[in-house]
Amino acid sequence: MSRDYLRTKYLIIGAGLTGLSTAFHLNDDYILIETSGSPGGTASTLHFKGFKLDNAVHIFYFKDPTILNWIIDTLNVELLETIRKSSVWINNAYVKYPVQYHLAELHWPQRINSMRSILNSSSNKKGINSSDNFETYSLSAFGNQLTDIFVRPYNEKLFGVPMALLNTDWLGDYIPNYSRMKMLLSVLGIKNNNYGRNSKFYYPLEGGVSTVAQKLSSQLKTSPLYNCILEKVFYDKKYALLSDGTEVKYEYLINTIPLDSFLNNFDSLPSDILASLKLLKRNSTTLLHILGKGKIKKEEHWIYIPDPTIPFYRITIPGNINPANCPADRFALTLEFGGNIYENQSVLDKSIAILKSMGILNENNSDIEFCWKLINCSYVIYDENRKIALKKIFPFLQRNQIWSIGRYGSWEYSNMEDAILYGRKVAEQIIKQN
Ligand SMILES: Cc1cc2nc3c(=O)[nH]c(=O)nc-3n(C[C@H](O)[C@H](O)[C@H](O)COP(=O)(O)OP(=O)(O)OC[C@H]3O[C@@H](n4cnc5c(N)ncnc54)[C@H](O)[C@@H]3O)c2cc1C
14 MSRDYLRTKY LIIGAGLTGL STAFHLNDDY ILIETSGSPG GTASTLHFKG
64 FKLDNAVHIF YFKDPTILNW IIDTLNVELL ETIRKSSVWI NNAYVKYPVQ
114 YHLAELHWPQ RINSMRSILN SSSNKKGINS SDNFETYSLS AFGNQLTDIF
164 VRPYNEKLFG VPMALLNTDW LGDYIPNYSR MKMLLSVLGI KNNNYGRNSK
214 FYYPLEGGVS TVAQKLSSQL KTSPLYNCIL EKVFYDKKYA LLSDGTEVKY
264 EYLINTIPLD SFLNNFDSLP SDILASLKLL KRNSTTLLHI LGKGKIKKEE
314 HWIYIPDPTI PFYRITIPGN INPANCPADR FALTLEFGGN IYENQSVLDK
364 SIAILKSMGI LNENNSDIEF CWKLINCSYV IYDENRKIAL KKIFPFLQRN
414 QIWSIGRYGS WEYSNMEDAI LYGRKVAEQI IKQN
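Quick note on this note's numbering: the sequence shown kicks off at 14 and runs consecutively.
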């Protein structure tokens with residue numbers, strides 16, 4: 014069979030925000046391939062009957078103002094700036110998020126127990142002890158009551174593993190340091206809404222979150238090759254085989270697809286890398302979009318559901334994040350489930366009954382329809398094996414002039430801003446080397 018051959022300096026795999034940002038900052042001499050028919054990857058939006066449906070909550074928040082300004086000024090994306098409204102469903106009632114600073118909203122026994130267990134918790138220390146696993150960390154930072162009613166059940170639903178198996182490497186800004194004093198004061202009703210890095214967030218005025226990827230893609234010198242899948246990597250000869258049969262000879266390879274899938278595409282791997290690859294674990298997430306006529310009488314942008322008897326762990330209300338996400342007099346809800354429960358009818362029936370009992374769906378909601386989506390790789394599992402595996406895998410990739418970056422390429426828990434930063438940083442590093 015005759016094959017087409019291409020040559021490029023940089024071959025980039027995946028046109029999510031990381032791959033797009035890498036191409037933008039490299040500027041030239043690259044080929045960017047993408048398995049789907051449009052840019053954005055995890056940060057893309059489903060346009061359906063006038064609805065704009067993201068993969069659950071997909072909002073921007075920034076630690077680096079240059080990225081915010083770049084999105085506004087260079088990509089020309091108009092952004093809404095919004096103060097977060099979020100709550101947690103605990104004991105059949107809504108408690109404002111973060112629960113840790115709204116303890117007065119818990120029922121009396123839980124309020125008292127929270128206070129007691131915070132006072133008894135072992136930690137007056139600031140920060141995270143490196144010997145902690147996630148469970149011991151949570152018990153010492155929040156006490157056993159908050160761990161039992163919120164931290165453990167929520168995270169076990171999301172990650173699909175017992176919390177004691179997780180280490181604390183991923184916490185960083187995701188679970189910021191809560192002040193013991195402020196938690197205790199919140200028992201008296203002194204609350205603190207604006208805590209955590211997404212307490213103020215940004216979201217495109219039009220088109221859903223994918224507007225950012227669309228605009229970024231439209232500014233690239235060379236458009237991504239869509240519907241094109243990476244099939245094989247021959248790393249020692251520096252070429253890759255694509256699904257259309259093309260062979261691409263590259264100098265530098267930049268990967269943004271999940272690290273395990275990427276390595277599984279290698280024609281051969283040294284035995285220690287093969288063994289490390291087997292240690293990587295991830296979870297999938299199933300989304301259920303529920304659409305219909307009428308309004309939702311809740312103001313939250315999203316609601317956390319730790320209750321282990323309820324199958325979903327979070328509800329997003331897209332029309333509250335941006336009213337333009339729903340046609341007039343229509344509502345949308347997005348439920349997130351840990352693992353693969355795609356098109357599971359009994360889970361769907363149970364979920365609808367629960368939404369009614371929570372007062373979210375009501376008699377004004379009609380013409381309801383459903384739309385499922387499976388995100389195959391959504392959260393990597395931060396167990397002890399992850400560290401051991403990555404210590405072997407990344408030096409091997411580096412030796413072969415391969416960069417594996419972004420949330421899934423780096424095998425980490427990071428966000429859209431990080432994705433854009435990754436692309437910029439790697440492009441700068443590679444250009445400097447030349
Ligand atoms: C449920 C959920 C909610 C989130 N909410 C937020 C949030 O509110 N705020 C925030 O900042 N971040 C959020 N994130 C994280 C954010 O989505 C990611 O950090 C970011 O989108 C990662 O971009 P990426 O380009 O690194 O990866 P991806 O977006 O996954 O891009 C990888 C691309 O590679 C393509 N691809 C896969 N296999 C192949 C192949 N073999 N060949 C060619 N192409 C391939 C994929 O189609 C995809 O387009 C959330 C993530 C999830 C899962």
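Glycine included, each C-beta is placed from N, C-alpha and C at the ideal position.
Distance, residue j Cα to residue i Cα
i: Met14; j: Leu254; result: Because the pLDDT at Met14 is just 48, under 50, the model does not fix this residue reliably, and the point stays unresolved.
i: Asn240; j: Gln414; result: 26 Å
i: Glu118; j: Arg129; result: 16 Å
i: Leu201; j: Lys109; result: 15 Å
i: Leu387; j: Ser427; result: 20 Å
i: Tyr167; j: Ala106; result: 16 Å
i: Gly419; j: Asp285; result: 24 Å
i: Asn40; j: Leu348; result: 39 Å
i: Asn146; j: Gln158; result: 18 Å
i: Asp273; j: Gly63; result: 36 Å
i: Tyr334; j: Ile96; result: Correcting the residue type first, residue 334 is Ile in the shown sequence and not Tyr. When rounded, the distance between both Cα atoms is 10 Å.
i: Leu33; j: Ser100; result: 34 Å
i: Ala440; j: Ala28; result: 15 Å
i: Asn268; j: Lys234; result: 19 Å
i: Asn277; j: Ala36; result: 24 Å
Simplified DSSP assignment, three categories, for residue i
i: Gly351; result: strand
i: His60; result: strand
i: Pro122; result: helix
i: His38; result: helix
i: Thr181; result: coil
i: Ser284; result: helix
i: Ala28; result: coil
i: Arg295; result: strand
i: Val200; result: helix
i: Lys195; result: helix
i: Gly156; result: helix
i: Val174; result: coil
i: Gly307; result: coil
i: Tyr167; result: helix
i: Asn378; result: coil
i: Phe247; result: strand
i: Asn133; result: helix
i: Ser99; result: strand
i: Arg210; result: coil
Near ligand 1: residue i beta-carbon under 7 Å from a heavy atom
i: Ile330; result: no
i: Ser391; result: yes
i: Thr48; result: yes
i: Asp431; result: yes
i: Asn428; result: yes
i: Ser297; result: no
i: Leu243; result: yes
i: His71; result: yes
i: Ser134; result: no
i: Arg437; result: no
i: Arg97; result: no
i: Glu313; result: no
i: Thr259; result: no
i: Tyr421; result: yes
i: Ile26; result: yes
Residue i - containing alpha helix (DSSP H), residue span
i: Gly332; result: Pro331 to Ile334
i: Asn240; result: Careful: Asn240 lies outside any alpha helix (DSSP H) and carries neither H nor E.
i: Tyr395; result: No alpha helix (DSSP H) contains Tyr395, which DSSP labels as neither H nor E.
i: Ser359; result: Gln358 to Ser370
i: Ile433; result: Met429 to Gln446
i: Thr224; result: Ser223 to Ser231
i: Phe75; result: Phe75 -> no alpha helix (DSSP H), and no H or E assigned at all.
i: Ser274; result: Leu272 to Asn277
Beta-carbon proximity check, residue i vs residue j, cutoff 8 Å
i: Tyr421; j: Pro319; result: no
i: Asn296; j: Phe172; result: yes
i: Tyr310; j: Asn375; result: It is Lys, not Tyr, that sits at residue 310 in the sequence shown. In this structure, Asn375 lies closer than 8 Å to Lys310 by Cβ.
i: Ile46; j: Pro340; result: no
i: Tyr18; j: Glu260; result: yes
i: Gly53; j: Ser223; result: yes
i: Leu81; j: Tyr265; result: no
i: Tyr114; j: Met194; result: no
i: Ile103; j: Val90; result: no
i: Asn180; j: Glu430; result: no
i: Leu292; j: Trp385; result: no
N- and C-terminal bounds of the beta strand (DSSP E) containing residue i
i: Lys262; result: Glu260 to Asn268
i: Pro78; result: Run containing Pro78: none in the beta strand (DSSP E); it sits in the alpha helix (DSSP H), Pro78 to Asn82.
i: Ala253; result: Tyr252 to Leu255
i: Tyr215; result: Lys213 to Pro217
i: Leu93; result: Leu92 to Ile96
i: Tyr317; result: Trp315 to Tyr317
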